[in-house]
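**Student:** Just so you know, we're using my numbering here: the sequence shown kicks off at 5 and counts up by one.
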Amino acid sequence: MQLSSGNFGSNASMPTKFTCDGNDINPSLLISGVPEQAKSLVLIMDDPDAPAGIWDHWIVFNMAPALTQIDEGAEPTGMHGLGTSGTLKYHGPCPPSGEHRYFFKLYALDTMLDLGEGVSKGEVERAMEGHVIEQTELVGKYRRG
Numbered sequence: 005m006q007l008s009s010g011n012f013g014s015n016a017s018m019p020t021k022f023t024c025d026g027n028d029i030n031p032s033l034l035i036s037g038v039p040e041q042a043k044s045l046v047l048i049m050d051d052p053d054a055p056a057g058i059w060d061h062w063i064v065f066n067m068a069p070a071l072t073q074i075d076e077g078a079e080p081t082g083m084h085g086l087g088t089s090g091t092l093k094y095h096g097p098c099p100p101s102g103e104h105r106y107f108f109k110l111y112a113l114d115t116m117l118d119l120g121e122g123v124s125k126g127e128v129e130r131a132m133e134g135h136v137i138e139q140t141e142l143v144g145k146y147r148r149g
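(1) To the nearest whole angstrom, what separates the beta carbons of Gly82 and Val64, a pair I think is in contact under 8 angstroms?
(2) Could you have a look at Val46 and say whether DSSP puts it in helix, strand or coil?
(3) Does the region 13-28 come close enough to the region 41-48 that 3 or more CB-CB pairs lie under 8 angstroms?
(4) Is Thr88 helix, strand or coil by DSSP?
(5) Would a C-beta distance cut-off of 8 angstroms place Lys93 and Pro69 closer than the cut-off?
(6) For Ser34, which residues from the same chain have a beta carbon less than 6 angstroms from its beta carbon, with the 5 sequence-adjacent residues on both sides left out?
(7) Would you mind working out which of Lys109, Gly126 and Pro55 sits nearest Gln6, comparing C-alpha positions?
(8) Would you mind stating whether Phe12 and Gly144 have Cβ atoms separated by less than 8 angstroms?
(9) With DSSP collapsed to three states, give me the class of Thr140.
(10) Should Pro31 be labelled buried (16 or more other beta-carbon atoms within 10 Å of its own) or exposed?
(11) Under the rule that 16 or more other beta-carbon atoms within 10 Å means buried, what is Asp51, buried or exposed?
(12) Report the partner residues of His104 according to the DSSP bridge assignment.
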């Protein structure tokens, strides 16, 4: 399974328009090679370099396994988790200082998650335990100023 973006390469800088210094919209994401037995997809974007601990920027679960693309600026169909910023949608990079890494993690699951809108990343991760068939990630970087 592969996850890529038409807007930046793996381990490359994310364009400003996807951050708080720009339009704060999500980049396009391309998904390929999802296992046939997958029943749903989960996407988590987080920043492990945040000074106060991991910052959750985007949590979407119960996405259709046939999904091959998330368009730039478009929230995918699925259930949305509550990010650290308190929103249910994409919240772009906005690091206080230095370069931060942003991990877009995609999981193929053998089930749908029995969770409601607005749950935490921890709740999603606990529900995923024992159900991950395959996973992949894309890393983007951003430094302000």
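A virtual CB, placed ideally from N, CA and C, is assigned to each residue, including glycine.
**Tutor:** This is what the structure gives:
(1) 5 angstroms
(2) strand
(3) no
(4) coil
(5) With contacts defined as CB atoms closer than 8 angstroms, Lys93 and Pro69 fail to qualify as a contacting pair.
(6) According to the sequence shown, residue 34 is Leu rather than Ser. Once the five neighbours on either side are set aside, the close Cβ partners of Leu34 are Ser8 and Gln73.
(7) Lys109
(8) yes
(9) In the three-state reduction of the DSSP assignment, Thr140 falls in the strand class.
(10) In the assembly as shown, Pro31 is a buried residue. Its beta-carbon has 16 or more other beta-carbons within 10 Å.
(11) buried
(12) DSSP, once it has assigned bridges, lists Tyr146 as partnering His104.
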